[in-house]
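Visitor:
This is the structure:
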């Protein structure tokens with residue numbers, strides 16, 4: 111195995127592979143920062159360029175582009191409240207409030223360094239898990255997927271903050287929106303109101319762009335001024351943000367592990383990983399009430415999970431041809447184009463090529479973060495642009511991003527509608543994050559619950575992993591009430 115690791119590293123540095131990887135990294139950062147594009151778009155656009163390439167060059171180009179996409183998306187999420195994709199939706203919850211406090215540089219340092227650590231962690235786990243990856247992935251079926259989604263929904267009580275009643279309303283609204291369109295099992299169309307646009311449901315990207323980016327632009331237009339409203343203080347520096355990640359090293363590693371595990375489970379993906387990591391950070395924090403107001407832990411947790419899940423998603427994709435995410439499904443097609451057949455050979459005779467992928471993912475995250483950090487001090491000045499200039503720019507970028515998802519004008523209208531809803535939710539202290547959680551996990555929970563009942567009836571709850579996840583879910587739900595009871599008891603005693 112050591113020999114394969116060395117050969118894999120040499121494949122990355124033998125000319126002209128470094129040039130291909132660098133080109134991919136720059137494109138990945140760019141496409142990642144454009145709202146609505148993301149990793150799937152990046153891979154789809156770049157695949158035509160790999161025809162005729164030898165495998166190591168094609169992998170350097172494609173994986174080099176795919177690995178730092180979430181890093182690029184975090185830049186606009188932190189500075190403009192406009193997540194590059196659904197993967198960065200949780201980052202805006204504390205990243206943008208930090209920017210509004212005058213700590214844009216610190217928030218950017220948090221997101222970029224957490225992305226790098228998460229990406230390297232995911233690549234490391236990918237390399238270590240090669241011998242046992244099949245057993246890990248095959249242990250998860252519809253019952254386990256359902257319980258993972260249910261665990262995510264349980265975080266509504268944790269992530270919402272403030273009024274539990276308002277959190278439940280927002281969460282139920284997200285779940286209702288997820289039910290629009292075709293039933294994933296029966297094919298019955300629901301809640302489309304006779305509109306063709308709603309047959310396939312509402313995509314996550316226009317909802318996220320509306321709730322966060324457009325809603326923030328509406329508020330900025332109402333109050334005037336700029337996003338940050340003040341000059342950048344020394345405490346908000348990029349270097350300070352980098353140090354924060356290492357101060358919270360244990361949280362960073364835990365959330366990276368969450369991202370890696372979610373990534374290796376086919377069908378979940380980055381949207382789920384970021385919110386589960388964020389919910390975990392809230393649940394384990396000594397000051398959960400501060401989340402959503404602009405604290406560094408709220409940026410570090412989702413960003414470390416985002417990039418870590420790419421290494422996890424490669425595990426089932428490379429090991430036996432089961433894509434760990436929609437992006438990996440596109441990458442699987444690229445593998446076939448360049449003559450790579452996922453399966454046992456990738457773990458035996460072609461192990462060096464597999465380790466080439468591991469090294470590319472790790473190095474692309476490090477280099478991508480380094481490039482972003484070089485320009486970080488310039489980027490933070492975006493937050494000081496006057497609203498009169500920023501509002502039209504961000505609004506146009508957001509609406510173009512919403513349209514770019516499927517090329518539907520209905521997505522533009524949906525983004526505007528959710529922009530108005532998001533503004534009202536923020537005004538009356540309803541959690542927009544909870545709505546997104548309900549939307550992301552609703553379809554996953556519904557589809558896998560139906561499959562579980564069809565395959566196992568009620569007995570699916572007693573499968574080992576399912577039962578463990580059920581216990582964790584119950585504990586997650588009751589913990590806020592236990593903490594509240596202890597706080598009230600302490601107050602009475604005092």
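Residue numbers (the working numbering): 111 to 604.
Every residue gets a Cβ at the ideal spot worked out from N, C-alpha and C, and that includes glycine.
(1) Is residue 292 helix, strand or coil when you go by DSSP?
(2) Roughly how many angstroms lie between the CA atoms of residue 256 and residue 558, to the nearest whole one?
(3) Determine which residues share a DSSP beta bridge with residue 299 and list them.
(4) Would you say the stretch 157–164 touches the stretch 189–203, given that touching needs at least three Cβ pairs under 8 Å?
(5) Per DSSP, what kind of secondary structure is residue 351 in: helix, strand or coil?
(6) So, are the CB atoms of residue 229 and residue 417 less than 7 Å apart?
(7) Output needed for residue 325: all residues of its chain with C-beta closer than 7 Å, excluding positions within five of it in sequence on either side, in chain order.
(8) From the DSSP output, in three-state form, read off residue 360 for me.
(9) Look at the alpha carbon of residue 341 and the alpha carbon of residue 496, and state the distance between them as a whole number of angstroms.
(10) Please state the DSSP three-state secondary structure of residue 345.
(11) Near residue 279, which residues of its chain fall below 6 Å by C-beta distance, leaving aside the five closest residues on each side in sequence?
(12) If I measure Cβ to Cβ from residue 346 and keep anything under 7 Å in the same chain, skipping five residues before and after, which residues do I get?
(13) Could you check if residue 502 is buried or exposed, using at least 16 other CB atoms within 10 Å of its CB as the buried criterion?
(14) In this structure, does DSSP put residue 537 in helix, strand or coil?
(15) Using the Cβ count rule (16 or more neighbours within 10 Å means buried), how would you classify residue 328?
(16) Between residue 113 and residue 463, what straight-line distance do the alpha-carbon atoms span, to the nearest angstrom?
(17) Could you give the DSSP three-state label for residue 486: helix, strand or coil?
(18) Can you give me the C-alpha to C-alpha distance between residue 450 and residue 470, rounded to a whole angstrom?
(19) Have a look at 527, 474 and 577 and flag the residue whose alpha-carbon is nearest the alpha-carbon of residue 132.
(20) According to the Cβ coordinates, are residue 253 and residue 572 closer than 7 Å?
(21) Measure the alpha-carbon distance for residue 226 versus residue 414 and round it to whole angstroms.
(22) Quick one: Cα of residue 507 to Cα of residue 141, how far?
(23) Just mark residue 538 as buried or exposed, buried being the case when its beta carbon has 16 or more other beta carbons within 10 Å.
(24) Can you tell me whether DSSP reads residue 164 as helix, strand or coil?
(25) Figure out for me which residue from 283, 168 and 401 has the closest Cα to the Cα of residue 466.
(26) Using 7 Å as the threshold, is the C-beta distance between residue 554 and residue 259 below it?
(27) At the level of alpha carbons, what is the spacing between residue 315 and residue 512?
(28) Classify residue 403 as helix, strand or coil using the three-state DSSP reduction.
(29) Note the first and the last residue of the continuous alpha helix (DSSP H) segment covering residue 140.
(30) Hey, how far is the Cα of residue 388 from the Cα of residue 395?
(31) By Cβ distance below 7 Å, which residues in the same chain neighbour residue 526 in space, the five residues on each side in sequence not counted?
(32) Please report the distance separating the alpha-carbon of residue 166 from that of residue 121.
(33) Keeping to the same chain, check which residues put their C-beta closer than 7 Å to that of residue 368; ignore five residues upstream and five downstream.
(34) Would you tell me roughly how many angstroms separate the C-alpha atoms of residue 163 and residue 448, rounded to the nearest one?
(35) Taking only three categories from DSSP, how would you classify residue 586?
Guide: Per the coordinate set shown:
(1) strand
(2) 5 Å
(3) Paired residue(s): 292.
(4) no
(5) helix
(6) yes
(7) 529, 532, 533 and 536
(8) helix
(9) Residue placement at residue 341 is flagged as unreliable, the pLDDT there being 48, under the threshold of 50; a coordinate-derived value is accordingly withheld.
(10) Note that residue 345 scores 41 on pLDDT, short of 50, meaning its location in the model is unreliable and no value can be drawn from it.
(11) Excluding positions up to five away in sequence, the list is empty.
(12) Because the pLDDT of residue 346 is 49, which lies under 50, any placement of that residue in the model is unreliable, and the question is left without a value.
(13) exposed
(14) helix
(15) buried
(16) 12 Å
(17) helix
(18) In a straight line, the C-alpha of residue 450 is about 16 Å away from that of residue 470.
(19) 474
(20) no
(21) 7 Å
(22) 12 Å
(23) exposed
(24) Here residue 164 sits in coil by DSSP.
(25) 168
(26) yes
(27) 6 Å
(28) coil
(29) 127–143
(30) Their backbone Cα atoms lie some 11 Å apart in a straight line.
(31) 320 and 324
(32) 6 Å
(33) 383, 386, 387, 390 and 415
(34) 7 Å
(35) Helix at residue 586.
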